[in-house]
Structures are given as C-alpha cells and as structure tokens.
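Chemist: Going by the working numbering, the sequence shown opens with residue 16, and the numbers climb by one from there. All C-beta atoms in this analysis are idealised placements derived from N, C-alpha and C, irrespective of residue type, glycine included.
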Amino acid sequence: MFGSSGNLFDMLKLFDKVFFLKINPELQKERLAHESRENSMGNTEYQREIAVEWGQGLEQKAKSLGIEFIDATRSPKEILKLITFAPGGE
16 MFGSSGNLFD
26 MLKLFDKVFF
36 LKINPELQKE
46 RLAHESRENS
56 MGNTEYQREI
66 AVEWGQGLEQ
76 KAKSLGIEFI
86 DATRSPKEIL
96 KLITFAPGGE
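Written out as structure tokens, the structure is:
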C-alpha cells in the first residue's frame, strides 16, 4: 500500500512491515505539478509547499520509529522487489 493519512502512525501495528518512500522536495513538487495527475492536490505552488512540509514531518516521525526508508525514485518494480524480499515482507 502506498499513501498516507492523518492517522498513519496509529495504523502501523496492523502491518507486519512498513516502509517510508523517501523523495527529495524538488522531485516531489515536480511530480505533484505533473499534467498527468488527475488529483487536483498540488496544482498550486502553495499546495506543493504544504505537501513538502507535511512530508518532511512524516519523514522525521518515521525516522524516530525506525521505519525502513526506500528511495522513491526507484521504479515501482524495484520497490516491489525490495518490499517483497525484506524481512517480514513475504
């Protein structure tokens, strides 16, 4: 599963293994602004700045919980392979 919600960290106990997809702020903004996106979130510079700030907060919390990070610039196929073969990710 990919995504996030306001109660994200309350749900961790429901999963055997969790990962944090790490992305640099500039690439995150670029992806949010891409014309192929059907979701309107990220259409404005303000929304992109808020999303980056929110993501940075999530990143700090994930670090403090010892969640394993994965480089989000990897392809979905590479990410799936990492998740599938991670201990607890059978």
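Looking only at DSSP bridge pairs, what is glutamate 83 linked to?
Modeler: Along the sequence shown, one-based indexing puts residue 83 at 68. Answer is Phe34, bridged to glutamate 83.
Chemist: Quick check on the DSSP output: the alpha helix (DSSP H) that includes threonine 99 runs from which residue to which?
Modeler: Taking the sequence shown and counting its residues from 1, one reaches residue 99 at position 84. Start and end: 91 to 99.
Chemist: Among the residues of its own chain, which have a CB less than 7 angstroms from the CB of methionine 16, if the five just before and after it don't count?
Modeler: Translated into the one-based positions of the sequence shown, residue 16 becomes position 1. Note that methionine 16 has pLDDT 46, beneath the 50 cutoff, so the model's placement of it is unreliable and the number below is only indicative. Taken in chain order, the list of residues that qualify is empty.
Chemist: Pick helix, strand or coil for glutamate 41, following the three-state DSSP scheme.
Modeler: Your numbering for residue 41 matches position 26 in the sequence shown. If DSSP states are grouped into helix, strand and coil, glutamate 41 belongs with the helices.
Chemist: Could you tell me which of Phe30, Phe35, Met56, Thr59 sits nearest to threonine 88, measuring between CA atoms?
Modeler: Along the sequence shown, one-based indexing puts residue 88 at 73. The shortest C-alpha separation from threonine 88 is found at Phe35.
Chemist: Given this structure, state the Cα-to-Cα distance separating glycine 81 from alanine 66, to the nearest angstrom.
Modeler: As a first step, residue 81 is located in the sequence shown; it is residue number 66 there, counting from the start. As a first step, residue 66 is located in the sequence shown; it is residue number 51 there, counting from the start. If you take the alpha carbons of glycine 81 and alanine 66, they lie about 22 angstroms apart.
Chemist: Buried or exposed for glycine 72, please, with buried defined as at least 16 other CB atoms from any protein chain shown within 10 angstroms of its CB.
Modeler: As a first step, residue 72 must be located in the sequence shown, where it is residue number 57. Exposed is the call here.
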